[in-house]
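Asker: Numbering (my numbering), first residue to last: 1 to 111.
We put the beta carbon where it would ideally sit given N, CA and C, even for glycine.
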DNA sequence: AATTTGACGAAGC
DNA sequence: GGCTTCGCCAAAT
């Protein structure tokens, strides 16, 4: 297993309750700024095995990324249970709920 | 060793 | 805003 993959798992486990992170954010923190699809893979195959808080990972637009309706519903329930508001389409306000591990490294988010 | 897989993301229209 | 195209890359096949 690549160090990148291990980092991704650790980062996801470190997302606090009530916050979310994006695939790209996680990949970048793990050392691969264009490895967002790896994060997808890892979650797809390991979310249950590692009991990761998979529901705290959303896409760059702040939307629920899951395709199946039932799984989307579950993710929304988990998030609302932690205090993360979602609209009827599963959209999250990233300005409020995005978790920034190292804000000084991500000046673009200050916009 | 080569190809496919993915819950992505940025850019262009 | 939506939609398409393209780049991305470790793991699985």
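1. Residue 71 lies in the alpha helix (DSSP H); which residues open and close that run?
2. What is the rounded straight-line gap between the Cα of residue 61 and the Cα of residue 92?
3. Could you give the C-beta distance for residue 50 and residue 15, rounded to a whole number, given that I count them as a contact under 8 Å?
4. From the DSSP output, read off the bridge partner residues of residue 88.
5. On a CA-only basis, which of 84, 81, 85, 90 is nearest residue 69? Give me that one, please.
6. Counting along the chain, where does the alpha helix (DSSP H) carrying residue 96 start and finish?
Answerer: Working from what's here:
1. 69–81
2. 8 Å
3. Actually they do not touch by this definition, with Cβ atoms about 13 Å apart.
4. DSSP lists no partner for residue 88.
5. 90
6. 94–97
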